[in-house]
Amino acid sequence: MTDALKLHSPTALLDALCTCIEKDIHPLSTPAVAAGSKLFGAAILRKSDLSVVYADTNQERGSPLWHGETWTLKQFFEIPADQRPQVDGCLFLTTHEPCSLCLSAILWSGFDNFIYMYTYEETHHVFECNGDLDIFNDVFNVRQGETGRQASLDGKLAQIRPQYKLRSSRLVALSFAELLAAITDKMTQAEYLAKVSRVKTSYGRLSEAYRRNMSVEE
Ligand SMILES: [Zn+2]
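Its first residue numbered 22, the sequence shown is counted upward by one per residue in my numbering.
Below you can see the structure in the form of structure tokens.
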């Protein structure tokens with residue numbers, strides 16, 4: 022992962038990742054959400070030139086296991102081995118910080134990284150999807166930590182944010198917020214803050230369609 026960070030500036034990474042969400046993931050999420058799946062998607066990009074190898078979206082309508090990340094991984098490995106890049110040459114993009122299922126699936130698939138846009142706290146508060154933090158809290162030995170206190174929006178969440186290793190020999194996990202913070206020029210940083218905010222707002226509107234569909238079904 023550090024090789025990709027050396028190859029590309031934070032702004033080049035954010036340009037490629039935002040474009041991938043807007044042009045590759047969002048158009049797939051819209052019909053999937055309309056059909057009853059949750060929003061959130063994922064994509065696999067080459068570290069070398071940030072080109073998109075494969076992108077897809079949540080397919081929970083078909084199975085509760087097909088979150089955006091697990092479905093994308095399944096589809097990626099169905100590409101014949103001689104026609105897809107090696108996993109160690111790829112970045113894993115996910116629209117949101119991966120749940121325990123997907124975090125493990127990304128690692129079990131051999132990726133040494135993932136980059137995400139929405140945090141657990143945003144998924145919990147903005148989209149009212151509580152499963153990620155609830156499962157960490159109910160199943161794993163999740164302890165309050167410094168990162169949790171800083172990142173959380175209230176005292177309750179501070180106690181349940183998982184303290185997975187964001188930097189290790191096995192994994193580098195990066196948020197869009199960290200990429201934004203790494204932009205040194207303040208004017209450029211403000212420009213990219215606005216850009217990410219636009220992508221978040223646009224993609225996040227799908228949650229309204231999801232809630233509408235769910236309330237119609239109930
Ligand atoms: Zn998941």
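In this text, a Cβ means the ideal position worked out from N, Cα and C, and glycines have one as well.
{"Check": "Closer than 8 angstroms: His88 CB and nearest ligand 1 heavy atom", "Outcome": "yes"}
{"Check": "Span of the beta strand (DSSP E) around Phe61", "Outcome": "Neither: Phe61 is in no beta strand (DSSP E) and is coded neither H nor E."}
{"Check": "Helix, strand or coil at Tyr75 [DSSP, three-state]", "Outcome": "strand"}
{"Check": "Range of the contiguous beta strand (DSSP E) that encloses Val220", "Outcome": "Careful: Val220 lies outside any beta strand (DSSP E), inside the alpha helix (DSSP H) at Lys207 to Gly225."}
{"Check": "DSSP-derived helix/strand/coil call for Ser196", "Outcome": "strand"}
{"Check": "Those residues which DSSP pairs with Ile136 across a bridge", "Outcome": "Leu114 and Leu195"}
{"Check": "C-alpha distance - Val220 paired with Cys123, whole-angstrom precision", "Outcome": "22 angstroms"}
{"Check": "Residue nearest to Val147 in terms of C-alpha spacing, selected from Ile46, Thr222 and Ser196", "Outcome": "Thr222"}
{"Check": "Proximity below 9 angstroms, CB of Ile100 to CB of Ala64", "Outcome": "no"}
{"Check": "Gly62 beta carbon less than 9 angstroms from that of Thr144", "Outcome": "no"}
{"Check": "For Met208 and Thr78, the rounded distance between their alpha carbons", "Outcome": "33 angstroms"}
{"Check": "Other residues of its chain near Phe157: CB distance less than 7 angstroms, five sequence neighbours each side excluded", "Outcome": "Ser121, Val163, Ile181 and Pro183"}
{"Check": "Spatial neighbours of Arg82 in its chain, beta-carbon cut-off 6 angstroms, leaving aside the 5 residues before and after", "Outcome": "Ala56, Gly57 and Ser58"}
{"Check": "Three-way DSSP call (helix, strand, coil) for Arg240 in this model", "Outcome": "Since the displayed the chain opens at 22 and closes at 239, residue 240 lies outside it and no answer follows."}
{"Check": "Beta-carbon proximity of Leu195 to Leu214, cut-off 9 angstroms", "Outcome": "no"}
{"Check": "Helix, strand or coil at Arg233 according to DSSP, with G and I counted as helix", "Outcome": "helix"}
{"Check": "Closer than 8 angstroms: Thr91 CB and nearest ligand 1 heavy atom", "Outcome": "yes"}
{"Check": "Asp45 vs Ala76 beta-carbon contact at 9 angstroms", "Outcome": "yes"}
{"Check": "Check: Asp153 C-beta below 8 angstroms from any heavy atom of ligand 1", "Outcome": "yes"}
{"Check": "Same chain only: Cβ atoms within 6 angstroms of Leu38, ignoring 5 sequence neighbours per side", "Outcome": "Leu114"}
{"Check": "Whole-angstrom distance between Arg233 and Arg226, CA atom to CA atom", "Outcome": "11 angstroms"}
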